[in-house]
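Number of protein chains: 2
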Amino acid sequence: MRNFALALTALAFASSASAQQTPTSPSPNVILQPPAAPPTAPISAEQQRTVERLQRAALESDLAWQIVEDLVVEVGPRLAGSEAEARARDWAVAMLREQRFTNVRIEPFTIPYWDALREEASIIAPSRQSMVVAALGGSPSTPAGGLEADVVRFSDLAALEAATEAQLRGRIVFIDERMLRTQDGSGYGAAVAKRSRCAPLAQARGAVACLVRSVGTDPHRFAHQGGSSRQAAGVSLPAAAISPADADLLALTLERGPARVRLVIEADIRDNAPSGNVIAEIRGRERPEEIVLIAAHLDSWDLGQGAIDDGAGVAIITAAARLVRDLPRRPRRTIRILLAGAEENGVHGGDEYGRVHAGENHIVAAESDFGAGRVYRFRSRFAEPALPYARAFQRALAPLGILPGDNAANGGADTGALRQQGVPVVDLSQDGSDYFDYHHTADDTLDKIDPEALRQNVAAWATFIYLAAENDWTFRAT
Amino acid sequence: MRNFALALTALAFASSASAQQTPTSPSPNVILQPPAAPPTAPISAEQQRTVERLQRAALESDLAWQIVEDLVVEVGPRLAGSEAEARARDWAVAMLREQRFTNVRIEPFTIPYWDALREEASIIAPSRQSMVVAALGGSPSTPAGGLEADVVRFSDLAALEAATEAQLRGRIVFIDERMLRTQDGSGYGAAVAKRSRCAPLAQARGAVACLVRSVGTDPHRFAHQGGSSRQAAGVSLPAAAISPADADLLALTLERGPARVRLVIEADIRDNAPSGNVIAEIRGRERPEEIVLIAAHLDSWDLGQGAIDDGAGVAIITAAARLVRDLPRRPRRTIRILLAGAEENGVHGGDEYGRVHAGENHIVAAESDFGAGRVYRFRSRFAEPALPYARAFQRALAPLGILPGDNAANGGADTGALRQQGVPVVDLSQDGSDYFDYHHTADDTLDKIDPEALRQNVAAWATFIYLAAENDWTFRAT
């Protein structure tokens with residue numbers, strides 16, 4: 004999960020017909036009437052029985068766990084454009100065939116490659132202490148042997164924006180901004196701007212490098228990776244994230260006087276590295292040209308195992324589709340699985356998919372890319388006349404403990420290109436309260452996934468996929 | 004905190020006059036009588052007022068926090084025998100003088116030095132994945148360039164003990180034993196045996212290296228350092244600890260078939276490295292030759308900051324002694340602070356202190372070396388006639404939420420030599436429920452200390468120190 008900040012910005016401009024009304028205090032003399040139920044598209048008794056069957060099966064199935072365990076154990080971290088990502092594609096093709104999907108294929112493309120071969124930072128004065136650090140994606144190398152400079156700290160990005168060249172020239176900028184823990188990930192949108200904007204702002208004022216307090220919510224000694232390349236095109240300043248304890252240490256050192264830091268980044272930067280999307284389908288029995296697109300991304304950052312980001316998403320959508328595949332009759336519409344490549348370093352797979360498949364009839368699209376927490380909310384981004392269908396999904400999902408959300412869904416990074424083309428999207432919003440504890444760190448490991456929450460996700464996705472593909476509902480303005 | 008296992012073994016042989024009786028169910032017809040209060044040595048009204056004043060002052064003081072923050076920021080990790088440990092001694096001398104103690108001095112000694120210059124482990128087949136690893140203290144280097152071998156897993160140490168040479172020859176042994184979370188640290192005593200015993204057992208059966216699941220209770224991607232050298236004298240097998248997620252990964256890989264691991268350890272092993280104890284005193288006003296010894300250790304492992312192990316202990320005992328130092332009258336007896344060197348790699352400082360100061364009159368000794376959790380229990384190790392004094396301490400500590408414990412105190416690693424000489428010891432037992440989440444990892448950082456719990460520790464230690472030094476109580480058999 005990478006470009007949440009962009010997505011949140013997009014939300015600010017989204018048309019929003021909120022299903023959650025602000026309550027007003029009734030006069031005590033008024034007899035309360037229950038509010039009229041919003042119009043909800045009916046589903047047939049047979050479909051209702053199928054939904055119940057799918058949910059029961061999902062809540063008893065360990066298929067999603069098996070998929071993510073296999074991905075972690077047999078492939079592990081899979082940096083965009085790397086040999087490991089290529090192995091992940093081969094793994095995915097074999098797995099999707101084994102799960103009896105059709106049209107399983109790789110759609111290759113190339114990307115700009117970036118990897119950190121070496122990333123080290125230490126305070127060298129007043130006393131020598133090494134820090135836990137991760138180079139930010141796209142960061143150039145430091146001069147051979149590293150660079151050393153005094154550090155100037157800013158409590159947040161706004162303080163850096165207000166700084167002068169006199170404060171920054173020849174120095175390493177350190178942005179010490181913290182991130183707020185939230186259920187829906189909105190704290191990330193607020194905090195992540197420093198990751199992309201530090202380098203261009205600092206470079207324009209004559210600084211020599213950027214350090215940021217890791218964008219994360221945990222108190223542990225992990226640096227959080229993350230891209231800075233896409234936003235910082237043309238920027239030549241090395242940039243890295245340090246762990247929260249090291250940010251504390253640097254700040255406390257600076258309270259006592261000047262602090263000098265040494266930073267070493269050796270980056271492997273190449274053009275035209277191989278990546279690719281992996282695609283699989285359940286062919287629609289009546290309207291095969293109508294596509295319900297479900298996405299997750301196959302690549303990961305490489306400090307951790309890529310278990311929650313986004314092995315979990317791969318497992319959830321695949322296991323859900325498999326349950327639908329196993330129904331006595333295939334649904335009317337085609338269900339297409341997109342396991343996107345190279346999401347983390349620039350949403351290349353999603354963009355490529357949107358370009359290549361722009362002419363097809365995508366009915367709706369959604370992505371699972373926010374870890375493995377329970378789904379707590381279903382949001383749509385439908386044309387106004389289609390809102391009764393959103394309510395039908397919500398009613399079917401309610402037994403899983405899922406609340407109705409508004410009509411300002413984001414859809415996910417890899418469906419962004421489709422959304423921009425006007426394809427309706429939905430969010431099966433996951434509880435991300437602890438997602439940014441692990442996100443893009445070495446601590447993104449299999450044990451962070453709760454098997455029960457994973458099953459609930461599969462149940463929710465199976466419900467959504469089935470109803471979207473079995474009905475003739477359309478979600479666009481007609 | 005290193006040799007808890009040894010201490011716990013010692014406890015099994017300790018004479019125990021438990022203050023905590025097993026309750027028996029009374030007959031419903033019996034009228035319950037409150038139990039008679041055990042005999043408790045009285046303290047004077049003046050002493051009672053002083054105790055209350057000390058406790059109030061401690062609970063409002065940030066001195067301990069300032070001390071540990073200074074140690075972390077100005078020195079940081081301080082491996083036994085290293086230049087950083089030497090800087091820590093200089094720091095401690097300056098700090099203890101600033102806190103107005105007397106006889107501040109360094110008592111130097113030399114130790115066998117061990118450091119890991121390089122420690123790497125990865126699964127290389129069936130697929131390549133790097134693991135988070137820490138070489139165990141005292142481990143020899145692998146052959147230059149590392150070693151590679153198939154792995155054989157044992158669920159616990161007992162399973163390794165039962166293994167044959169045919170199973171082990173030419174292989175890397177992997178002990179996957181887990182540790183139980185407990186308040187008093189007893190889970191450590193049970194789990195840590197694998198750390199010292201893996202190498203000798205595996206070597207005797209022809210294995211080429213040892214890997215152990217880290218001795219710890221956390222679910223995070225940290226390897227826990229720890230000594231194996233002292234117990235494993237003469238053993239030449241490289242040994243390392245891997246993080247819990249990597250132990251899971253290795254176990255899951257082995258469930259699928261053979262797994263091959265590559266291990267690289269480059270150790271710096273030297274004789275006669277400089278270490279030393281730092282000592283400071285509050286000279287007794289009437290009986291200066293009678294010594295109340297309070298200890299903590301100055302060295303640390305070097306992945307983390309040594310904040311909870313044992314910066315917290317250094318801060319707690321120093322701040323507590325400073326409060327006593329600030330009383331209108333110095334206590335009758337001498338209070339001596341021992342900041343021991345080189346505890347982690349063999350309790351060298353404590354042993355040296357016991358050797359050099361064996362002839363002195365130590366009234367009682369205690370160490371703070373179990374993190375910064377609240378003190379929840381006061382235990383003694385006194386001769387039977389002195390138990391009323393233990394109860395007097397316990398009564399004075401009760402307002403701080405501290406329970407009476409038994410008479411089987413351990414006293415701590417660095418007071419072990421004194422204890423063996425017959426010096427009475429006490430434990431201000433800390434709640435260590437989360438201590439082994441951080442112990443000997445990169446995550447032992449300042450933010451893991453709760454300032455409020457730290458103050459409560461200072462209040463407890465000030466109470467103990469004052470009463471022990473102001474009264475003429477003796478705790479030995481006469």
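Chain order of the listed sequences is U and L. Be aware that the first sequence starts at 4, since it is given in this note's numbering, and climbs by one per residue. Be aware that the second sequence starts at 4, since it is given in this note's numbering, and climbs by one per residue. Don't be surprised by glycine CBs; every beta carbon is placed ideally from N, CA and C.
Margin query: Since L:Glu-77 and L:Trp-94 should fall inside the 8 Å C-beta cutoff, what is the C-beta to C-beta distance between them, to a whole number of angstroms?
Written below: The count along the second sequence starts at 1 and reaches residue 77 of chain L at position 74. The count along the second sequence starts at 1 and reaches residue 94 of chain L at position 91. Confirmed, about 6 Å.
Check: Just reading off the beta strand (DSSP E) that L:Gln-423 is part of, what are its end residues?
Finding: On the second sequence, residue 423 of chain L is found 420 positions in, with the first residue counted as 1. Note, L:Gln-423: premise wrong, no beta strand (DSSP E); alpha helix (DSSP H) at 419-423.
Check: So what does DSSP say about U:Ser-217, is it helix, strand or coil?
Finding: In the first sequence, residue 217 of chain U corresponds to position 214, counting from 1. U:Ser-217: coil per DSSP, three-state reduction.
Checklist line | Near-chain L residues of the segment 447-479 of chain U (beta-carbon distance less than 9 Å), N- to C-terminal order | finding: Asp-447, Thr-448, Leu-449, Asp-450, Lys-451
Next item on the list: Report the rounded CA-to-CA distance for U:Phe-373 versus L:Ala-318, giving the unit in angstroms.
Entry: Start at 1 with the first residue of the first sequence, and residue 373 of chain U comes out as number 370. Start at 1 with the first residue of the second sequence, and residue 318 of chain L comes out as number 315. Distance between the alpha carbons of U:Phe-373 and L:Ala-318: 42 Å.
Check: L:Glu-77 versus chain U: which residues are under 7 Å apart at the beta carbon?
Finding: By 1-based counting over the second sequence, the position of residue 77 of chain L is 74. Within chain U, the residues near L:Glu-77 are Ser-130.
Next item on the list: Take the Cβ of U:Ala-205 as the centre, count every other Cβ of all protein chains shown within 10 Å, and call the residue buried at 16 or more, exposed below.
Entry: By 1-based counting over the first sequence, the position of residue 205 of chain U is 202. With 16 or more Cβ atoms within 10 Å of its Cβ, U:Ala-205 is classed as buried.
Note to self: Rounding to the nearest angstrom, what Cα-Cα distance links L:Val-350 and L:Gly-344 in this structure?
What the structure shows: Counting from one through the second sequence, the residue named residue 350 of chain L turns up at place 347. Counting from one through the second sequence, the residue named residue 344 of chain L turns up at place 341. Going from the Cα of L:Val-350 to the Cα of L:Gly-344 covers about 8 Å.
Next item on the list: With 8 Å as the threshold, decide whether the Cβ of L:Pro-261 is near any Cβ in chain U.
Entry: As a first step, residue 261 of chain L is located in the second sequence; it is residue number 258 there, counting from the start. Chain U, which has no Cβ nearer than 8 Å to the Cβ of L:Pro-261, makes this no.
Check: So U:Leu-406 packs on U:Val-54, CB below 8 Å; how close in whole Å?
Finding: Locating residue 406 of chain U in the first sequence gives position 403, where the first residue counts as 1. Locating residue 54 of chain U in the first sequence gives position 51, where the first residue counts as 1. Not confirmed; about 18 Å, so no contact.
Item checked: Segment contact, 8 Å Cβ cut-off, at least three pairs: the segment 117-127 of chain L with the segment 377-389 of chain L -> They do not touch, by the three-pair rule.
Check: Would L:Asp-440 pass as a contact of L:Glu-88 if the rule is Cβ separation under 8 Å?
Finding: Mapped onto the second sequence, residue 440 of chain L falls at position 437. Mapped onto the second sequence, residue 88 of chain L falls at position 85. Result no, Cβ atoms of L:Asp-440 and L:Glu-88 do not sit closer than 8 Å.
Note to self: If distances are taken between C-alpha atoms only, which option among L:Phe-478, L:Thr-481, L:Asn-460, L:Thr-477 comes closest to L:Ala-60?
What the structure shows: For the purposes of this step, residue 60 of chain L is taken as the residue at position 57 of the second sequence. Nearest C-alpha to L:Ala-60: L:Asn-460.
Item checked: Spatially closest choice to L:Ile-320 from L:Asn-413, L:Ile-468, L:Leu-183, by CA coordinates -> What you label residue 320 of chain L is simply residue 317 of the second sequence in a count that begins at 1. The residue with the shortest Cα to Cα distance from L:Ile-320 is L:Ile-468.
Notebook entry, point to check: Can a CB atom of chain L be found closer than 8 Å to the CB of U:Ala-445?
Noted result: In the first sequence, the residue the question calls residue 445 of chain U occupies position 442. Taking Cβ atoms only, chain L reaches closer than 8 Å to U:Ala-445, which makes this a yes.
Notebook entry, point to check: Buried or exposed: which applies to U:Arg-156, given that a residue is buried once 16 or more other Cβ atoms fall within 10 Å of its Cβ?
Noted result: Translated into the one-based positions of the first sequence, residue 156 of chain U becomes position 153. Buried, since its Cβ has 16 or more Cβ neighbours within 10 Å.
Notebook entry, point to check: Within the 8 Å Cβ cut-off, does L:Leu-255 reach chain U?
Noted result: Here the question's residue 255 of chain L lines up with position 252 in the second sequence. Yes, because at least one Cβ of chain U sits closer than 8 Å to the Cβ of L:Leu-255.
Check: When DSSP labels each residue in this structure, what does U:Pro-341 get in the three-state scheme?
Finding: In the first sequence, counting from the first residue as 1, residue 341 of chain U sits at position 338. The amino acid at residue 341 of chain U is misidentified as Pro; the sequence shows Leu. Note: U:Leu-341 maps to strand in three-state DSSP.
Check: alpha helix (DSSP H) containing U:Glu-86: first to last residue?
Finding: Translated into the one-based positions of the first sequence, residue 86 of chain U becomes position 83. Run containing U:Glu-86: 86-101, per the alpha helix (DSSP H) assignment.
Margin query: Quick test of your reading: L:Asp-251 and U:Leu-449, contact by CB under 8 Å. State the CB separation rounded to the nearest angstrom.
Written below: Your numbering for residue 251 of chain L matches position 248 in the second sequence. Your numbering for residue 449 of chain U matches position 446 in the first sequence. Sure, about 6 Å apart at Cβ, within 8 Å.
Item checked: Candidates U:Ala-196, U:Ala-243, U:Arg-224: closest to L:His-443 by CA position -> Here residue 443 of chain L refers to the residue found at position 440 of the second sequence. That would be U:Arg-224, whose Cα lies nearest to the Cα of L:His-443.
Next item on the list: Sort U:Pro-42, U:Ala-40, U:Gln-58, U:Ala-39 by Cα distance to U:Ala-399 and report the nearest one.
Entry: Mapped onto the first sequence, residue 399 of chain U falls at position 396. Nearest option by C-alpha distance: U:Gln-58.
Note to self: So, for U:Asp-249: in the same chain, excluding its five sequence neighbours on each side, which residues have a beta-carbon less than 7 Å away from its beta-carbon?
What the structure shows: Here residue 249 of chain U is taken as the residue at index 246 of the first sequence, counted from 1. The answer, listed in chain order, is Met-134, Val-135.
Note to self: Residues of the segment 216-229 of chain U in Cβ contact with chain L at a cutoff of 7 Å, in chain order, please.
What the structure shows: Pro-222, His-223, Arg-224
Check: By the criterion of Cβ-Cβ separation under 8 Å, what are the contact partners of U:Val-2 in chain L?
Finding: Since the first residue of chain U shown is 4 and the last is 481, residue 2 of chain U is not available in this structure.
Margin query: Taking beta-carbon pairs under 9 Å, can you tell me which members of the segment 333-354 of chain U lie near chain L?
Written below: none
Check: Is L:Leu-150 helix, strand or coil when you go by DSSP?
Finding: Counting from one through the second sequence, the residue named residue 150 of chain L turns up at place 147. It is a strand residue.
Notebook entry, point to check: Do L:Ala-298 and L:Ala-368 have their CB atoms nearer than 8 Å?
Noted result: Position 295 of the second sequence holds residue 298 of chain L. Position 365 of the second sequence holds residue 368 of chain L. It is a contact, given that the beta carbons lie within the stated cut-off.
Next item on the list: Could you say which of U:Leu-82, U:Gly-362, U:Arg-259, U:Leu-150 lies nearest to L:Leu-74 if we only look at CA atoms?
Entry: Numbered from 1 along the second sequence, position 71 holds the residue referred to as residue 74 of chain L. Comparing Cα positions, the closest option is U:Arg-259.
Next item on the list: Return the chain-ordered list of same chain residues with a C-beta closer than 7 Å to the C-beta of U:Ser-231, the five sequence neighbours on each side being excluded.
Entry: On the first sequence, residue 231 of chain U is found 228 positions in, with the first residue counted as 1. Leu-139, Gly-140, Gly-141, Ser-142, Arg-198, Ser-199, Ala-202, Ala-242, listed in sequence order.
Note to self: Looking at the secondary structure, which residues open and close the alpha helix (DSSP H) in which L:Gln-50 lies?
What the structure shows: Taking the second sequence and counting its residues from 1, one reaches residue 50 of chain L at position 47. 48-63 is the extent of the alpha helix (DSSP H) around L:Gln-50.
Notebook entry, point to check: Residue ranges of each beta strand (DSSP E) run of no fewer than 3 residues wholly in the segment 289-375 of chain L, ordered along the chain?
Noted result: 290-300, 336-343, 364-370
Checklist line | DSSP three-state assignment for U:Gly-141, whether helix, strand or coil | finding: As a first step, residue 141 of chain U is located in the first sequence; it is residue number 138 there, counting from the start. Coil.
Check: Residues of chain L with a CB under 8 Å from the CB of U:Glu-2: which are they?
Finding: In the structure as shown, chain U begins at 4 and stops at 481. Residue 2 of chain U is therefore absent and cannot be evaluated.
Notebook entry, point to check: Considering only C-alpha positions, which residue in the set U:Gly-149, U:Ala-207, U:Arg-216, U:Thr-220 is nearest to U:Arg-184?
Noted result: Looking up residue 184 of chain U in the first sequence gives position 181. The shortest Cα separation from U:Arg-184 among U:Gly-149, U:Ala-207, U:Arg-216, U:Thr-220 belongs to U:Thr-220.
Checklist line | Local Cβ density within 10 Å of L:Asp-417, reported as buried at 16 or more and exposed below that | finding: As a working mapping, residue 417 of chain L is identified with position 414 in the second sequence. It is buried - the Cβ of L:Asp-417 has at least 16 other Cβ atoms within 10 Å.
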